[in-house]
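Residue numbers (UniProt numbering): 1 to 363.
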């Protein structure tokens with residue numbers, strides 16, 4: 001006798017350890033299911049935010065997507081989930097009541113808000129310190145079970161970069177208010193809409209090199225970071241932890257790798273640090289975003305993981321390698337003559353790929 005029951009009516013009952021709240025899910029686990037979780041994603045319109053919202057919503061999680069600007073900035077996110085599962089809410093980072101309205105029904109809050117340049121409305125500390133503190137306070141006042149705060153790799157109190165100093169101060173503010181918050185420090189992220197490969201292959205194509213290409217970085221695929229944040233929704237072992245998410249390999253001369261993919265060889269100008277900083281200082285005065293002096297300072301800082309911090313390995317995630325992914329992001333910048341040509345057969349592109357997959361459950 002074969003017993004069969006439809007998965008459509010399968011249920012999943014769990015209890016949130018931190019608050020004792022009962023979470024009841026139903027369905028097969030797809031976008032038409034109900035996971036029972038409610039998540040708020042601040043910074044949902046950014047590079048990382050859109051991928052995180054998509055991963056949460058397609059598993060049946062109701063996602064609150066706060067936005068500050070135009071509704072069109074987040075309208076595309078509504079189709080990532082089922083009808084009514086992605087809920088836009090207007091808010092103001094300086095208005096505590098509007099923040100509270102965005103988090104009061106949520107089980108978990110992700111703070112992805114950040115910027116790397118000052119504007120007339122918000123300075124770095126306004127966003128990454130004062131704003132982070134306001135969100136943490138709203139979470140504590142409304143008994144939100146989980147807070148995940150996204151910071152940046154290499155941040156420190158004495159960093160020469162104002163951006164990294166503000167990220168460090170933001171972490172301290174969040175930890176002071178919410179000791180159980182999970183801190184995530186991603187390295188430079190790459191993907192289809194990034195400011196990494198698109199800058200090297202596009203805006204900076206055939207122009208200048210800074211730091212003589214001596215910077216050592218560990219870029220990470222944006223979807224791997226989004227997957228790690230998704231895992232933290234249910235993995236309560238991540239509560240209070242600090243995670244540094246970076247790629248498997250350290251790269252130097254990353255520009256040369258990109259130009260090999262573009263099949264281009266040209267002489268390029270190598271700028272000394274003082275000249276690059278001067279140009280960045282001038283560009284920072286312009287009324288639109290341009291690489292500024294602080295961007296130049298960060299080009300001279302290597303990625304240095306913190307000893308003892310948790311990584312992708314603690315979440316049982318194997319991050320993608322740059323050489324396996326980069327071509328799809330820079331192919332559009334190739335000449336039409338070489339558009340369909342396969343990647344060059346160099347040592348960097350002959351690394352062995354994993355032969356199988358292993359699935360783990362985190363409790």
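Positions of the beta carbon are idealized from the N, C-alpha and C atoms, including for glycine.
Contact check, residue i vs residue j, beta carbons under 7 Å
{"i": "residue 241", "j": "residue 218", "result": "no"}
{"i": "residue 99", "j": "residue 134", "result": "yes"}
{"i": "residue 41", "j": "residue 49", "result": "yes"}
{"i": "residue 117", "j": "residue 291", "result": "no"}
{"i": "residue 103", "j": "residue 173", "result": "no"}
{"i": "residue 233", "j": "residue 181", "result": "no"}
{"i": "residue 169", "j": "residue 124", "result": "no"}
{"i": "residue 368", "j": "residue 43", "result": "Within the shown structure, residues of the chain are numbered from 1 to 363, placing residue 368 beyond reach of any answer."}
{"i": "residue 305", "j": "residue 244", "result": "yes"}
{"i": "residue 71", "j": "residue 223", "result": "no"}
{"i": "residue 83", "j": "residue 65", "result": "no"}
Through-space distance from residue j to residue i, alpha-carbon basis
{"i": "residue 336", "j": "residue 197", "result": "19 Å"}
{"i": "residue 342", "j": "residue 214", "result": "28 Å"}
{"i": "residue 167", "j": "residue 60", "result": "32 Å"}
{"i": "residue 283", "j": "residue 271", "result": "16 Å"}
{"i": "residue 249", "j": "residue 319", "result": "10 Å"}
{"i": "residue 194", "j": "residue 63", "result": "23 Å"}
{"i": "residue 175", "j": "residue 344", "result": "47 Å"}
{"i": "residue 200", "j": "residue 255", "result": "7 Å"}
{"i": "residue 177", "j": "residue 105", "result": "20 Å"}
{"i": "residue 179", "j": "residue 69", "result": "31 Å"}
{"i": "residue 360", "j": "residue 316", "result": "Low per-residue confidence applies at residue 360: pLDDT is 48, beneath 50, and the placement is therefore not dependable, though the value from the model is reported in the following sentence. Computed Cα separation, rounded: 7 Å."}
{"i": "residue 126", "j": "residue 115", "result": "10 Å"}
{"i": "residue 141", "j": "residue 131", "result": "15 Å"}
{"i": "residue 23", "j": "residue 137", "result": "24 Å"}
{"i": "residue 46", "j": "residue 313", "result": "26 Å"}
{"i": "residue 107", "j": "residue 139", "result": "10 Å"}
{"i": "residue 74", "j": "residue 210", "result": "35 Å"}
{"i": "residue 122", "j": "residue 94", "result": "10 Å"}
{"i": "residue 225", "j": "residue 311", "result": "11 Å"}
{"i": "residue 321", "j": "residue 251", "result": "11 Å"}
{"i": "residue 165", "j": "residue 338", "result": "43 Å"}
{"i": "residue 326", "j": "residue 150", "result": "24 Å"}
{"i": "residue 235", "j": "residue 145", "result": "12 Å"}
Residues that DSSP places opposite residue i in a beta bridge
{"i": "residue 67", "result": "90"}
{"i": "residue 189", "result": "220"}
{"i": "residue 183", "result": "149, 242"}
{"i": "residue 270", "result": "209"}
{"i": "residue 39", "result": "63, 108"}
Beta carbon proximity, residue i to chain D, threshold 7 Å
{"i": "residue 310", "result": "Within the model displayed, chain D is absent; a lone protein chain is all it includes."}
To test your reading of the DSSP string, which unbroken alpha helix (DSSP H) runs of 4 or more residues are found completely within the stretch 98-163? 132-141
Closer than 8 Å is the cut-off here; do at least three beta carbon pairs connect the stretch 266-280 with the stretch 288-306? yes
Within 8 Å, do at least three Cβ pairs link the stretch 109-117 to the stretch 76-91? no
With three or more beta-carbon pairs closer than 8 Å as the criterion, would you say the stretch 211-225 touches the stretch 181-189? yes
Does the contact criterion of 3 or more C-beta pairs under 8 Å hold for the stretch 50-62 versus the stretch 222-229? yes
Count the C-beta pairs between the stretch 299-307 and the stretch 152-164 that are closer than 8 Å, then say yes if the count reaches three, no if not. yes
Contiguous beta strand (DSSP E) assignments of at least 3 residues, all confined to the stretch 229-255: 242-245
Counting pairs of Cβ atoms below 8 Å between the stretch 256-265 and the stretch 317-333, do you hit three or more? yes
Starting from the N-terminal side, write out each stretch of the alpha helix (DSSP H) that is 4 residues or longer and does not extend beyond the stretch 280-324. 293-298
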